[in-house]
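In order, the protein sequence lines correspond to chains A and B. This note's numbering puts the first residue of the first sequence at 42, with every later residue one more than the last. This note's numbering puts the first residue of the second sequence at 42, with every later residue one more than the last. Glycine is no exception: its CB is placed at the ideal position from the N, C-alpha and C atoms.
2 protein chains.
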Amino acid sequence: MAAWGGLLRSHATMTRAMNSQLIAEHGITLSDYDVLIQLENAPDQRMRRVDLANAVLLTASGITRLLDRLEAEGWVCKHSCKSDARVTWAVLTESGHQKLAEAAVTHHADIARLFTARLSSEELDALGCLLGRLGSRPEVHSVAPVADISAA
Amino acid sequence: MAAWGGLLRSHATMTRAMNSQLIAEHGITLSDYDVLIQLENAPDQRMRRVDLANAVLLTASGITRLLDRLEAEGWVCKHSCKSDARVTWAVLTESGHQKLAEAAVTHHADIARLFTARLSSEELDALGCLLGRLGSRPEVHSVAPVADISAA
DNA sequence: CGGTTATACTTGAGCAATCAAGAATCTACC
DNA sequence: GGTAGATTCTTGATTGCTCAAGTATAACCG
């Protein structure tokens with residue numbers, strides 16, 4: 042299947058490129074970046090670890106270890122939750138915010154180089170829509186509301 | 042931007058699903074499967090390790106260790122090359138061929154479940170075409186000055 | 001209440017892949 | 001022919017994640 046093969050290959054190529062660029066220039070992983078972005082966009086720049094794990098598609102333990110790294114660098118800090126003693130908030134620090142801003146420059150350049158230089162903006166829309174449908178949780182059997190995409 | 046997020050998410054969801062299915066039912070990794078397929082399709086069911094690495098987007102050392110596992114199971118064997126003593130062919134064995142045939146059943150079912158159940162065949166064609174363009178060689182420039190493009 | 005079940009998170013062990021370095025071999029050019 | 005530079009492959013150390021198990025807290029329900 043061309044689509045499946047393409048997905049494997051394009052993912053590998055792109056994440057490799059983005060990841061090594063981020064590591065080389067900013068010393069952070071693509072996953073790290075992804076987590077920082079999620080926090081940045083979250084209300085109060087904070088999230089529960091479970092939700093974070095869900096958002097970036099990692100395991101609970103994966104998030105624990107990833108956040109350990111980010112905390113060690115001072116980009117994120119823990120904060121206990123008043124209403125539920127089980128949860129510890131992951132909160133983006135000011136220095137984390139700055140780090141993200143720096144890295145974003147590189148990352149956006151990479152996106153530009155790898156995506157927008159290769160596909161037109163209609164094609165990107167179409168791609169985003171198709172991938173969006175593939176990415177949803179597998180156990181849900183919802184009837185797909187469809188947009189037609191034939192431009193490619 | 043949506044396309045990039047979608048790529049990350051859909052890749053994660055699908056490979057996770059396929060991988061765990063393959064492990065549960067056949068005790069092989071998705072990468073293992075990928076390598077077996079490459080060998081199956083290669084002339085004489087054999088490939089140089091470098092080409093294999095290139096085909097499945099792994100490092101040379103990654104391939105070495107992966108093949109170690111497959112050899113231990115007896116699905117692949119080494120074969121030295123007459124004309125160039127540096128290369129060792131990775132050759133698919135008969136039992137490797139059988140293993141692949143078994144796994145293919147599961148794998149094709151997964152593809153059907155995850156792909157064809159969600160997208161029409163025209164959509165899949167379009168997707169395959171778009172991803173194919175993204176997956177080609179990234180043309181790595183070190184720290185390239187890139188035009189700023191804010192639409193993604 | 002008190003007991004079961006579910007949720008949030010951490011920890012130890014393991015695994016597949018990576019990078020960096022090295023060994024063996026081929027190629028090319030003087 | 002000899003040496004310098006590629007090319008192919010392996011190995012040791014490390015990384016980033018997973019799974020399984022464990023702790024602690026919350027929610028439900030007789």
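Check                                                                                                                                                                 : Outcome
Any contact of the region 165-178 of chain B with the region 116-132 of chain B, i.e. 3+ C-beta pairs under 8 Å?                                                      : no
Residue 43/B versus chain A: which residues are under 9 Å apart at the beta carbon?                                                                                   : 165, 166, 168, 169, 170, 172 and 173
What do you get for residue 62/A, buried or exposed, if any count of 16 or more other CB atoms within 10 angstroms of its CB means buried?                            : buried
Do we get a CB-CB distance below 8 Å when we pair residue 54/B with the residues of chain A?                                                                          : yes
Taking 8 Å as the cut-off, decide whether the C-beta atoms of residue 130/B and residue 159/B are in contact.                                                         : no
For residue 50/A, which residues of its own chain have a beta-carbon under 7 Å away from its beta-carbon, when the five flanking residues on both sides are left out? : none
Check for me: the beta strand (DSSP E) holding residue 119/A runs from which residue to which?                                                                        : 117-121
Which residues in chain A have a C-beta closer than 8 Å to the C-beta of residue 152/B? List them in chain order.                                                     : 42 and 45
Between the Cα of residue 139/B and the Cα atoms of 151/B, 173/B, 117/B and 153/B, which residue gives the shortest distance?                                         : 117/B
Please classify residue 127/B: does DSSP put it in a helix, a strand, or coil?                                                                                        : coil
From residue 104/B to residue 145/A, what does the alpha carbon distance come to, in whole angstroms?                                                                 : 33 Å
So which residues of chain A does residue 50/B contact, with C-beta pairs closer than 7 Å?                                                                            : 98 and 176
Specify the secondary structure class of residue 159/A as computed by DSSP and reduced to three states.                                                               : coil
Can residue 72/B and residue 97/B be called in contact, C-beta distance under 8 Å?                                                                                    : yes
Measuring alpha carbon to alpha carbon, tell me which residue in 143/A, 132/A, 42/A and 173/A is nearest residue 69/A.                                                : 143/A
Within 8 Å of any Cβ in chain A, is that where the Cβ of residue 60/B sits?                                                                                           : no
Which residue marks the beginning of the beta strand (DSSP E) containing residue 282/B, and which one marks its end?                                                  : What is shown of chain B runs 42 to 193, which leaves residue 282/B out entirely.
In whole angstroms, give me the CA-to-CA distance for residue 173/A and residue 47/B.                                                                                 : 5 Å
Is it right to say residue 91/A is buried, meaning 16 or more other beta carbons lie within 10 angstroms of its own, or is it exposed?                                : exposed
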